[in-house]
Structures are given as C-alpha cells and as structure tokens.
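Taken in sequence, the protein lines are chains X and L. Every position in the first sequence, counted from 1, becomes a number in the numbering used here once 18 is added. Every position in the second sequence, counted from 1, becomes a number in the numbering used here once 18 is added. We put the CB at the ideal spot given by N, CA and C, even for glycine. From a predicted model like this one, the values you see are computed outputs, not experimental measurements. Shown next, in structure tokens, is the structure this report addresses.
Protein chains: 2
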Amino acid sequence: MNEQNINIDLKRINPYFGAAISVDCVVFGFDGTELKVLLMRCNMEPYVGLWSLIGDLLRVNEDLEGAAKRILKRRTGLDNVFMEQTKAFGSVDRHPLGRVITIAYYSLVKISEYELSNAPEYREAHWHNISEITELAFDHRDILDECLNLLRKHVKEAPVGFNLLPPKFTLPQLQNLYETILGKSLDKRNFRKKILKMKILKDIGETQQNVSHRPGKLYSFDEKRYESLRKDGFIFDLN
Amino acid sequence: MNEQNINIDLKRINPYFGAAISVDCVVFGFDGTELKVLLMRCNMEPYVGLWSLIGDLLRVNEDLEGAAKRILKRRTGLDNVFMEQTKAFGSVDRHPLGRVITIAYYSLVKISEYELSNAPEYREAHWHNISEITELAFDHRDILDECLNLLRKHVKEAPVGFNLLPPKFTLPQLQNLYETILGKSLDKRNFRKKILKMKILKDIGETQQNVSHRPGKLYSFDEKRYESLRKDGFIFDLN
DNA sequence: CCAAAAGTGTTGTACATACACCCATGT
DNA sequence: ACATGGGTGTATGTACAACACTTTTGG
C-alpha cells in the first residue's frame, strides 16, 4: 500500500498504526571546560537506573519541531533555543514496550541561562560530561553519538557554537569551546586571525572582570552582520 | 508522558497511536546531461493527477532503512543502491487522510542499470528532469528540495557522485555531473587536477568508443583505495 | 579537412601553518 | 614580584584560480 493510495480511514488500519512517534532531544551545554549533555534517570525496565535523553511522545496536534520545543521548555524552562533535527531512529526493537520511532534533535543552550538550580520543576534533568558517559537507556547512546558527530560538523561550517557561550565572550573562551568540541588543540594566533577576519564578531568595548590575569576583550556574535555577509556569498568555514 | 515512562501496553493508548509512519524515497538519476528524479502519478484527493515521490507506509517488522530498500526494489528492481536518510517531515496537516509522519531518504542510481524499460512492474514510475518539476503532491516538493540541498552538500564532501555514473566514466562526464548538480560551470583543468590528485580513480586503460571526437580515457572509482586513504585521515573535498 | 570534445602547464595570489615574546591583572 | 593567561606579527609553504593551445577521433 502506497502512501498516496490510502483511501480508507487511516485510524482503522491497525497494523500500520501500532507504532508511536517520539521526539528525543540531545541538549548540549558548555561550562567553559567540558561539553555536557542533559540527562534524566530512566525508570523503565530493563533500563531502570540508567540515564536517558530527554524526550516524549509526539502529540496528535503538534509537529516535530513543536514537540522538541515543548520538551525543552518542560525540562529546562528555556524558549528560543537553537535546535536542529538530526535523524530518525526506527529499529524494530529499540523500545521494550512496542514499536516507537523517534526523531532526534540536538540543541545548544547557554548553560548560564539554564535554570535547573532555581526552579524545582527542572530538577529531574542533570548535566553530564560527554567524556564520562558510558551506557545509556534504549539506543540513546547511538542517538547521542549521531548528534555529537553532527555538532562537530556543524560548528565547522556554521556559526552555531555561539549558542553554547554567554552573550559576551572572549576569543580564548570561543577557542576553548572549539577545542573541546573538536577534541584537538588549535593554534591561538591562527584561530584569532580566522575568526576576526570573518567580521562577524562585535567588539563590545568591555573586558573580563575579576580574573587573576590580563582580562580578555569581550565580543558578541553579530548575527545581523553574519546574515548580510551570507547573502553576499560569505561561507563560514573553520576547517 | 515521557518515552521512558510508558508503563502500559503502547498499542492500547489511542491518542498517541493515531499516526502512521511512511518512508519516501527521492531517487536521483543522471543521464549525462540532466539530473532526474523518479516520480509516480498520485491518485489521492486532492492531489489526483499530480506527480509524487515513491514511498510507502512503514511495516511493523521492518526498520526505516529496510522500508526504503523495499520501496526502491519494488519500483526500480534495484538492490544495493546508495541511500541516505535526509529528514523526517511531520507537519500536522501534511497528509489529507490523517497524521502521517514521513522519513525521507535520497538515493542515487546508475540510470543505465535502471530497468524501467524492460520489466512491466516498474512502469509506474517515470524519470523527470529536476529543472522541469513544478508542483508535486503532498509536501513532496519540500522533501525534494531538502534532498537536493543535501545532495549538493554531499557531493562536495564525499565521493557519492560516482553512484550516478556508470562503473566506467571519463573525467568530462564526472565534471559534467558536478556542474549539473551544483548548477555552475567548473574549470576543466583545475577540476581534473583536484580529482586526479586525490588518487581515488583507477585508470582502466580503456577509452570511449564510437564518439565523434577524441575519445576520453575511462576511469572507475577505486573504493578500496578511498577507504584506506580515509583511514589515514584523507578528506574528500571539492569546494 | 572540418567539427567536436579531450587533454595538458604555468603563474600569480591568497590562505594556512608554524612559531616566541610581551602585556595586564590579581595575589 | 610572581603567576596566569591574553594578546600580537612574520615568514614559509601550499592550494586555488585564471587562462589558450594542441590532440584525437568521426564524418
């Protein structure tokens, strides 16, 4: 039966509707040193006690991105978060209770804006260092790995990394982020040259405060500038 | 309700299972001049008469890639086709008969191996020049566009274009393919230099036959060579 | 011998890499 | 004054872009 040849009420064909759709979010954060991901305790057999991604079943009246936004809001209190669909996962036996196809999104949050510490309703999720994660519930380890690979690709070809930093940041902080995500160290002078030549950072005219060394100059990502450059053919590239 | 907190039989929760999952395949072909896509007539209101992608509902015991392979086999007779998941599409109203989330794959076939001409069971699908396509059924135009964008990205960063050419091809044929997909003309000498320097083409030692001009040398893609180079850090890049 | 497309090298320019010292702040 | 990390320039090699003529075949 072809998608376009369904000519009876879909809801009555059981074999094709015995599946559920979920959305799982891989929420990345960066604390200045480590790349982190937001996880919850799983309480479903046989994965009880393991950590899992945050996710939920898709509701009848919401689209995929809507579900992802809802899940993020629910678990972090955050709106307007950068997110991008990564991949659909549909192994027949990926879920112990039945057929569940999941659509994975990865999102990048400014860890400073995450309100876990204050609001009690966001206490179920916890940050985990990527480097320390071993086993996860379901196929969430695979999902995490796919999202990590995609993130590593994206930070090199688009200015998405800024979503992990505070609105004002120094160039060493930015470099640090790239080194952490890419897992290799970069030459300081060359990194600065490449970034500054792009002209997509605004010099705020401020410097770091209360650091016990020479304070760095603060920059912010100039989104409008980036968009106008992009329209003129500019391509962000950090390879 | 969280995915990992479902503790009753999923099949009995109606609101969450009133959706179906389909897989749609964007099958690209290249005839030496034009980039083409395989389409079928749609016979579902309100799209009757329009062309649509080839697709089908996901079966209970098959995974997503399995469904994509089945669909391709059914419509083209081909196995072992290059394919890659592109994106999930889940707008609430994308399907007139109910909630259908679709997972899109794009695949690349050697048009010479496509058996439409011989076997009657493959006659429902037809090749259409990408440049001449206007309206499609459902949201298939969006799906096609996403797949095209992904293809344009992939041919620049991985040796996937070879899947659209016959096993033996000339450098001008390859260049032609790239020019068609990318929509811009490339410098012949620079293109040849870049490709040949990669050392991923095998010189077959044969030349074109029956062409009314100087015959080109035939090459084939050396997959083993590519894989071993890749393990040593080589990155395919045609930007 | 004509048409048509294949094949071939050089040069200038821009970008990437490698690399070492001084500077501003807090303690 | 010392420790800490921020900030800066140059030289060299490599990669890319631009560009025009000769070669081989079929008709």
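With respect to the 7 Å criterion, L:A106 and L:I121 are classified as neighbours on the basis of their beta carbons.
Around the beta carbon of X:K87, 16 or more other beta carbons sit within 10 angstroms, so the residue counts as buried. Among the residues facing chain X, L:V66 is not included, as its CB has no counterpart in that chain under 7 Å away.
X:A106 carries a strand assignment under DSSP once its states are collapsed to helix, strand and coil. Straight through space, the alpha carbons of X:L68 and X:Q103 are spaced by roughly 24 Å.
When only Cα atoms are considered, L:W145 and L:L71 end up about 11 Å apart.
Close to chain X, meaning a Cβ-Cβ distance shorter than 7 Å, are the following residues of the region 98–111 of chain L: Q103, K105, A106, G108, S109 and V110. When C-beta distances to chain L are compared with 8 Å, every residue of the region 170–204 of chain X stays at or above that value. Using a Cβ-Cβ distance cut-off of 8 Å, the region 235–245 of chain X and the region 194–202 of chain X are not in contact, since fewer than three pairs of beta carbons, one from each stretch, lie closer than that value. Contact check between the region 110–128 of chain X and the region 92–99 of chain X: three or more CB pairs, one atom from each, fall below 8 Å, which counts as touching. As summarised for the region 128–170 of chain X, the continuous beta strand (DSSP E) elements at least 3 residues long and confined to that stretch are 143–147, given in chain order.
For L:H172, same chain residues with a beta-carbon under 8 Å away, outside a window of 5 residues either side, are E102 and V178 in chain order. Contacts between X:D49 and chain L, judged by CB atoms closer than 8 Å, are missing: the closest CB pair is about 26 Å apart. Separation of X:G84 and X:V45 (C-alpha to C-alpha, rounded to the nearest whole angstrom) is 16 Å. Pairing X:S246 with X:D240, the inter-Cα distance amounts to about 10 Å. Contact of X:N167 with chain L by beta-carbon distance below 7 Å is absent, the smallest such distance being about 13 Å.
In terms of Cα proximity to X:F48, the closest of X:R207, X:N181, X:T152 and X:V66 is X:N181. Residues of chain X whose Cβ lies closer than 9 Å to the Cβ of L:A143 do not exist, since the nearest Cβ in that chain is about 11 Å away. With respect to L:L75, L:A38 sits close: the two C-beta atoms are nearer than 7 Å. Residue pairing by DSSP places X:M101 opposite X:S125 in a beta bridge. Secondary structure remark: continuous beta strand (DSSP E) runs of at least 3 residues inside the region 69–103 of chain L, in chain order: 72–75. Interface with chain X (7 Å Cβ-Cβ cutoff): L:L82 is included.
Between X:L195 and X:L183 a beta carbon distance of about 6 Å is seen, short of the 8 Å cut, so the two are scored as contacting. L:L189 sits close to L:R210, with the two beta carbons spaced by under 7 Å.
Shown here, L:G50 sits in coil according to DSSP, grouped into three states, outside any helix or strand. Pairing L:Y244 with L:I218 gives a Cβ-Cβ distance under 7 Å. L:E153 has its alpha-carbon roughly 21 Å from the corresponding atom of L:R141. In this structure, the alpha-carbon of X:E139 lies about 36 Å from that of X:T225. The C-beta distance from X:F254 to X:E175 rounds to 6 Å, short enough to fall under 8 Å. If you look at L:K206, you'll find it in the alpha helix (DSSP H) that goes K206 to M216. Distance from the CA of X:N208 to the CA of X:C165, rounded to the nearest whole angstrom, comes to 28 Å.
Boundaries cannot be given for L:L183, as no beta strand (DSSP E) includes it and DSSP labels it neither H nor E.
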